[in-house]
Amino acid sequence: MIEVTAGLLDGDDPQTCVIKEAEEESGFRVNKVEKVFEAYMSPGAVTEIIHFYIAAYDDTDK
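Converting from the sequence shown to the numbering used here requires adding 236 to each position, the first position being numbered 1.
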C-alpha cells in the first residue's frame with residue numbers, strides 16, 4: 237500500500253508527528269521511520285516545509 241498521512245506538527249518534531257499520524261489515520265503502528273526529504277511547497281510564497289518519511293509495516297502492526 238502506498239498512502240499519505242498528514243498532520244500539523246503542533247510543537248512535535250517531524251519524526252514524532254509522522255509516527256502519531258500514521259497510527260491515527262491508517263491504524264498501523266510504525267516505529268522505524270526514515271526521512272526521505274523535506275521541501276518548501278511554494279518557495280517565495282509560503283514558509284511551510286513538508287517533511288517526507290517512509291516506514292515499513294505489516295498486518296501485525298494494526
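Glycine is no exception: its CB is placed at the ideal position from the N, C-alpha and C atoms. All values reported here derive from a predicted model rather than from experimental measurement.
Using CA atoms only, rank isn't needed, just tell me which of Gly263, Glu260, Lys271, Val240 is closest to Asp249.
The shortest C-alpha separation from Asp249 is found at Lys271.
Three-state class that DSSP yields for Lys256 in the structure shown:
Look at Lys256 here: in three-state DSSP terms it is helix.
Environment of Ala281 [buried if 16+ CB atoms lie within 10 Å]:
Exposed, since its Cβ has fewer than 16 Cβ neighbours within 10 Å.
Suppose the cutoff is 7 Å on Cβ atoms and the five residues either side in sequence are ignored; what does the same chain contact list for Thr241 look like?
Answer for Thr241: Glu257, Ala258, Glu261, Ser262, listed in chain order.
Taking the beta carbon of Tyr276 as the centre, do at least 16 other beta carbons fall within 10 Å, making it buried, or is it exposed?
Its Cβ having fewer than 16 others within 10 Å, Tyr276 is exposed.
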